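Numbering (the working numbering), first residue to last: 2 to 297. We put the CB at the ideal spot given by N, CA and C, even for glycine. Note that the coordinates shown come from a computational prediction; the quantities given were computed from them, not determined experimentally.
1) Check whether the Cβ atoms of residue 154 and residue 190 sit closer than 9 angstroms, and answer yes or no.
2) Flag this pair as yes or no: are the beta carbons of residue 193 and residue 272 separated by less than 9 angstroms?
3) Can you tell me whether residue 222 is helix, strand or coil according to DSSP?
4) Go through the segment 116-188 residue by residue and report every complete run of the alpha helix (DSSP H) that reaches 4 residues or more, in order.
5) In angstroms, rounded to a whole number, what distance separates the CA positions of residue 149 and residue 18?
6) Where do the ends of the beta strand (DSSP E) carrying residue 252 lie?
7) Using the beta-carbon count (16 or more within 10 Å), is residue 235 buried or exposed?
8) Please confirm whether residue 1 and residue 171 have their CB atoms less than 9 angstroms apart.
9) Closest to residue 1 by CA distance: which of 53, 262, 129 is it?
10) Based on Cα-Cα distance, which residue from 6, 249, 50 lies nearest to residue 27?
11) By the three-class DSSP mapping on this structure, what secondary structure does residue 203 have?
12) With DSSP as the reference, please indicate the residues paired to residue 297 in a beta bridge.
13) Going by CA-CA distance only, name the one from 289, 282, 296, 162 that's closest to residue 84.
14) Out of 243, 253, 269, point me to the one whose CA is closest to residue 226's CA.
15) For residue 99, is the classification buried or exposed, using 16 other Cβ atoms within 10 angstroms of its Cβ as the cut-off for buried?
16) Using a Cβ-Cβ cutoff of less than 7 angstroms, which residues in the same chain neighbour residue 242 once the five nearest sequence positions on both sides are dropped?
17) Should residue 261 be labelled buried (16 or more other beta-carbon atoms within 10 Å of its own) or exposed?
18) Helix, strand or coil, according to DSSP, for residue 114 in the structure here?
19) Cβ of residue 61 within 9 angstroms of Cβ of residue 87?
20) Considering residue 53, what are the terminal residues of the alpha helix (DSSP H) in which it resides?
21) For residue 268, write down the residues that DSSP places opposite it in a beta bridge.
22) Using the Cβ count rule (16 or more neighbours within 10 Å means buried), how would you classify residue 231?
23) When the Cα of residue 248 is compared with those of 264, 240, 255, 233, which residue comes out closest?
24) Where residue 202 and residue 278 are concerned, what is the direct C-alpha to C-alpha distance, given to the nearest angstrom?
25) What does a CB cutoff of less than 7 angstroms around residue 250 pick up in its chain, not counting 5 residues either side in sequence?
26) Give the DSSP bridge partners of residue 93, in chain order.
27) Exposed or buried, which one is residue 73 when buried takes at least 16 other CB atoms within 10 Å?
Quick look at the structure:
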C-alpha cells in the first residue's frame with residue numbers, strides 16, 4: 002500500500018517512471034551492532050543473502066526496462082581526471098594494508114590514490130599472520146578491533162612487528178580502529194603500544210559527526226595549515242592521561258576527536274586519529290604518503 006502511494010506520487014509529481022519496489026523483509030536484512038551493519042567478512046550467510054537479494058530484485062524490479070534505460074543513456078567516459086594529486090612515474094613502493102575481521106573499513110578511492118602514486122597494496126591479517134609483510138609503509142583503516150581484541154592481543158609477533166615498524170620511522174597512518182590498535186591496550190588487552198595511552202569501548206557514542214580539523218603540526222601526510230575534512234563515528238575513547246597537547250597534529254574545528262579539542266596523535270612518522278578522511282578532501286595525502294615511503 003505504501004509502495005503504491007509512493008509510486009503514484011513520484012510518477013505524477015516528477016514525471017519519472019518507477020521501476021519497482023521492495024517491501025520490508027527481515028529474511029533479507031543484514032545484522033547490525035553499535036556502528037551499523039556487521040561487515041560481510043563476518044557474515045557466514047552472506048552468500049545466501051546475496052542470492053536472496055538477487056531473487057528479490059528480479060521479482061520486484063523491471064530489470065529489462067532498467068537495461069533499456071541504461072542502453073539509451075549518455076555513455077560514461079572510460080577515462081577520468083583523478084581527484085587526487087599523483088605522480089605515476091616514481092619508483093615503486095609497497096603499502097601494507099590490514100584486511101580481515103578486525104580491520105575492513107576503507108574508502109576504495111584512498112587505496113586507488115596510493116596505487117596511482119605507484120604503490121603496491123599488500124594486504125595482510127593482524128589476527129592470522131605472524132608479522133607485517135615486506136613493505137615500506139602501513140595504512141590501518143577502521144573496523145572492530147574492540148570485538149577482536151583478544152585475538153589481536155594474542156598475536157604477540159604481529160604486535161611487535163608493527164611497533165618496530167613505527168619505531169624505525171616507516172610512515173604509518175591509522176584511522177579510528179587503527180588508532181585503538183596502536184594504543185597501549187584495548188579494554189585491558191595488550192595492543193601495539195606505539196602510543197602510551199589506553200583505549201576502551203563505552204556504551205555511549207563518543208563521536209558522530211562530519212569533521213573539520215586544522216593541521217597544527219607538519220607531519221608526513223599533510224602540511225601545517227591544511228584543512229583536514231572527514232567524519233568520525235565511534236563508541237571508543239582514548240585515555241590520554243599524562244599526555245600533552247604537543248602530541249597532537251590536529252585541532253578540531255568541528256567534531257570531537259580524541260579529547261574534544263584535538264586529534265591526530267603524532268609520533269615518529271606515525272599519525273593516528275579518529276578522523277576518517279577521503280582523498281578528495283586531502284588531495285596530497287597519497288602523494289605525501291608514498292613519497293616518504295620511498296625515502297625511508
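With the given structure in hand:
1) Cβ distance < 9 angstroms, so residue 154 and residue 190 count as in contact.
2) no
3) coil
4) 150-155, 157-168, 178-183
5) 46 angstroms
6) 249-255
7) buried
8) Past the boundaries of the shown model lies residue 1; the chain is included only from 2 to 297, so the question cannot be answered.
9) Missing from the structure shown is residue 1; the chain here goes from 2 to 297 and no further.
10) 50
11) coil
12) Per DSSP, none; premise fails for residue 297.
13) 282
14) 253
15) buried
16) Excluding residues within five positions, none has a Cβ falling inside 7 angstroms.
17) exposed
18) helix
19) no
20) 47-61
21) 271
22) With 16 or more other Cβ atoms within 10 Å, it is buried.
23) 264
24) 22 angstroms
25) 216, 217, 218, 220, 265, 267, 272
26) Beta-bridge pairing links residue 93 to no other residue.
27) exposed
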